[in-house]
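This note's numbering applies: residue 10 is where the sequence shown begins, and numbers increase by one.
No residue lacks a Cβ here, since even glycine has one placed at the ideal position from N, Cα and C.
Worksheet: one structure, shown below.
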Amino acid sequence: MAETISSPSPRFDGQGSESTYQALSILSVVALVVGSVFGFVVILGSLTAFLGTTPFLLPFWAAVFPMVAVLAGWIALAQIRDSAGSLTGRRFAWIGINAAFVTGLVYVTYFMANNLAVRKQAEDFANQYFETVMKGQPELSFLNMVKPAERPSTRDIDRLRPILEVTYNTTQEPTQVGAFTQYQMEMHYRLMTLFGDKATFKMIQAGFPDFVEGGYIVAMLYEVKTEAMNLRLNLKVHSANTNKGREWYVIPKSITNAERTLHPTGEKFVDQSKAAVKAIEAFQKQMTRMKLGSPSADPDFDGAFLSSFAGIGVTKSANEAQNAAFIQKRNAFFGPADGKPGRFLNPIGKSFYSDANLRASFEAEASKAFTVGSGYYPYIPTWFSATTEFALPFLREKDGYLEFTTDCMIGFIPRTMINGKLTLRTSPNADPAKPESWRVSGLELIRGRNQSKQPDQK
Numbered sequence: 010m011a012e013t014i015s016s017p018s019p020r021f022d023g024q025g026s027e028s029t030y031q032a033l034s035i036l037s038v039v040a041l042v043v044g045s046v047f048g049f050v051v052i053l054g055s056l057t058a059f060l061g062t063t064p065f066l067l068p069f070w071a072a073v074f075p076m077v078a079v080l081a082g083w084i085a086l087a088q089i090r091d092s093a094g095s096l097t098g099r100r101f102a103w104i105g106i107n108a109a110f111v112t113g114l115v116y117v118t119y120f121m122a123n124n125l126a127v128r129k130q131a132e133d134f135a136n137q138y139f140e141t142v143m144k145g146q147p148e149l150s151f152l153n154m155v156k157p158a159e160r161p162s163t164r165d166i167d168r169l170r171p172i173l174e175v176t177y178n179t180t181q182e183p184t185q186v187g188a189f190t191q192y193q194m195e196m197h198y199r200l201m202t203l204f205g206d207k208a209t210f211k212m213i214q215a216g217f218p219d220f221v222e223g224g225y226i227v228a229m230l231y232e233v234k235t236e237a238m239n240l241r242l243n244l245k246v247h248s249a250n251t252n253k254g255r256e257w258y259v260i261p262k263s264i265t266n267a268e269r270t271l272h273p274t275g276e277k278f279v280d281q282s283k284a285a286v287k288a289i290e291a292f293q294k295q296m297t298r299m300k301l302g303s304p305s306a307d308p309d310f311d312g313a314f315l316s317s318f319a320g321i322g323v324t325k326s327a328n329e330a331q332n333a334a335f336i337q338k339r340n341a342f343f344g345p346a347d348g349k350p351g352r353f354l355n356p357i358g359k360s361f362y363s364d365a366n367l368r369a370s371f372e373a374e375a376s377k378a379f380t381v382g383s384g385y386y387p388y389i390p391t392w393f394s395a396t397t398e399f400a401l402p403f404l405r406e407k408d409g410y411l412e413f414t415t416d417c418m419i420g421f422i423p424r425t426m427i428n429g430k431l432t433l434r435t436s437p438n439a440d441p442a443k444p445e446s447w448r449v450s451g452l453e454l455i456r457g458r459n460q461s462k463q464p465d466q467k
C-alpha cells in the first residue's frame with residue numbers, strides 16, 4: 010500500500026494567492042497605520058485651513074511620523090523579501106510608504122509656499138513702514154505700530170494727530186513723554202528722518218513665520234545705511250485677518266538696535282554735534298548771568314528767572330543798557346548763519362498740537378517773542394533742556410551748511426510743558442568745532458500740554 014504525505018491546509022496570505030501559512034510583518038502594520046494616520050491628518054487639516062482662516066501648520070517634530078512610516082515600510086519589505094515566504098504584508102508596507110511620502114511631500118510643498126508668501130507680505134509691509142519713516146510723517150508711520158482693528162480710519166494728518174495725541178500720548182507725569190512722542194525719539198526714526206531720501210534700507214534676513222494669536226509673526230533683520238552711520242535693526246511684524254484681508258503691524262518695542270557702525274563722516278559729525286550743544290549751553294549761561302529784570306515773586310528764583318531760550322520768559326529790564334545787551338546776544342545766537350538780516354523765526358505750524366485754550370494763549374505770546382530783533386519779552390518764566398545721544402550723529406549737510414537737530418523741552422511756569430526740536434546751523438566758512446560758530450536756524454514746537462505739577466528748575 011502506497012504511503013501518502015499530507016500537505017498543510019492552504020492559507021490565504023492577503024495577496025490573492027493560496028500558500029502555506031505566513032506570518033504578518035509587524036513593521037508593515039506599523040508603516041500602514043502611521044502612514045495612513047499621518048495622511049488623514051494632513052488631508053483633514055488642509056481642508057479645514059482651506060475652508061477657514063487658520064492655517065494648517067504642523068510642528069517641526071511632526072516630521073518624525075512620515076519618516077517612521079517610510080523607514081518601517083522599507084525594513085518590512087526587506088524582511089519579507091529575505092523571509093523565504095514565511096512573512097507577508099508587502100501590500101500594507103507599500104500603502105504606508107506611499108501615504109506618508111505623498112502626503113508629506115504635499116505638506117512640505119504647502120508649508121514652503123505658504124512661508125514664502127507670508128514672508129513676502131511681511132517684507133513688503135516692513136519696506137512700506139521704512140519708506141514712510143524716511144518721508145518724515147510720524148503720524149502715518151506710527152499707525153503702522155497700531156493693530157489694524159484699532160487704527161483710526163482717517164489718513165488726514167490734521168484729523169489724525171489729535172486722535173493719536175489723546176489715545177497714545179497722554180501721561181500721568183508732566184515731564185514724561187507718551188508713546189507717540191517716544192516713538193519719534195527712537196534711534197532708527199531720528200536717523201532716517203534726518204537723512205531723508207539719502208538713507209537706504211534693505212532686509213538682511215527673515216525667520217520662519219510663527220502663527221501666534223490669530224496671525225503670523227515674522228522676525229526680520231534690516232540694515233539702514235547713511236553717509237554717517239550704518240544701523241542694523243531687529244524688528245517683528247504681526248498679521249491680523251480683517252475684512253480687508255490680511256493686514257500687518259509692527260509690534261511695539263520690537264525694533265531694537267542690533268549693531269551700529271559709525272563711518273569717519275559720522276565720527277566727525279558726532280564731534281561737531283558736541284560743539285553745537287556747547288553753543289546752546291554757553292548761551293544759557295550767558296543769559297542767566299545777565300539777570301535781567303526785576304526779582305521774581307517766586308522764592309525759588311534769584312532775581313529774574315531768564316529764559317535760556319529765545320528770550321521767552323524775560324521781564325523787561327528797568328536797566329536799558331542790560332536790556333540792549335541781552336537783545337544783542339539773543340539776536341546774535343538766533344540770527345541766521347548766512348549773515349542775512351533779521352527774520353521771523355516762527356516755531357508754530359500745523360505740526361504743533363495742544364488744546365485750544367493753550368494754543369490760543371501761547372500763540373499770542375510766542376509769535377511776538379520769536380521775532381528776531383524785537384524787544385518784546387512776555388513775562389512767562391521758563392526752563393529749557395536739550396537732550397541728545399552722541400552715539401548717533403545728529404548732523405547733516407544741507408544746502409552747503411551743517412545742521413544739528415536735538416529734542417528740547419520748554420517748561421512754562423507754572424502749568425505748561427512744550428516738546429520741540431531745535432535746529433542749529435553753521436556756515437561752510439566757519440569752524441564747526443567751535444561753539445561760537447553755531448546759530449539757531451529753526452525751532453519746531455511739536456506738543457504743548459498743561460501739567461499737573463510744576464517741574465523742578467534746571
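| Check | Outcome |
| --- | --- |
| Methionine 121 - DSSP class collapsed to helix/strand/coil | helix |
| Phenylalanine 47 vs proline 75 beta-carbon contact at 7 Å | yes |
| CA nearest to the CA of leucine 230, picked from Lys287, Arg434 and Phe210 | Phe210 |
| 3-residue-minimum beta strand (DSSP E) runs that sit fully inside the segment 104 to 184, ordered along the chain | none |
| First and last residue of the uninterrupted alpha helix (DSSP H) at methionine 201 | 196 to 204 |
| Valine 186 (DSSP reduced to helix, strand or coil) | coil |
| Residue from Val117, Ala288 and Thr163 with nearest C-alpha to isoleucine 52 | Val117 |
| Cβ of proline 147 within 7 Å of any chain B Cβ | Of the protein chains in the structure, only one exists, and it is not chain B. |
| Where tryptophan 447 sits in the DSSP three-state scheme | coil |
| Cα-Cα separation, valine 233 to phenylalanine 403 | 15 Å |
| Minimum C-alpha distance to glutamate 236 - residue among Gly224, Glu406 and Pro147 | Glu406 |
| With 16 other Cβ atoms within 10 Å as the buried cut-off, status of lysine 245 | buried |
| Pick from Ser162, Ala188 and Thr163 that is closest to glutamate 174, judged by C-alpha positions | Ala188 |
| CA-to-CA distance, phenylalanine 361 to proline 68, given in whole angstroms | 51 Å |
| Pairwise C-alpha distance: methionine 426 and tyrosine 388 | Its pLDDT being 38, under 50, tyrosine 388 is placed unreliably in this model, and the value from its coordinates should be taken loosely. Those two C-alpha atoms are separated by around 16 Å. |
| Straight-line gap, arginine 458 to aspartate 364 (C-alpha atoms, nearest Å) | 7 Å |
| Own chain partners of asparagine 178 with C-beta closer than 8 Å, once the 5 adjacent residues on each side are dropped | Val186, Gly187, Ala188, Phe189, Thr190 and Arg456 |
| Exposure label - methionine 194; buried when at least 16 CB within 10 Å | exposed |
| Anticipated Cβ contact below 8 Å, phenylalanine 110 with valine 73, distance rounded | Incorrect: roughly 15 Å between the Cβ atoms, too far for contact. |
| Check whether arginine 99 and isoleucine 89 have beta carbons under 7 Å apart | yes |
| Any 3 or more C-beta pairs closer than 8 Å across the segment 214 to 227 and the segment 126 to 140 | yes |
| Reduced DSSP category for serine 248 - H, G, I as helix; E, B as strand; rest coil | strand |
| Which residues DSSP lists as bridging aspartate 219, in chain order | Ile226 |
| Span of the beta strand (DSSP E) around alanine 267 | 265 to 271 |
| Backbone secondary structure at phenylalanine 65 - three-state DSSP | coil |
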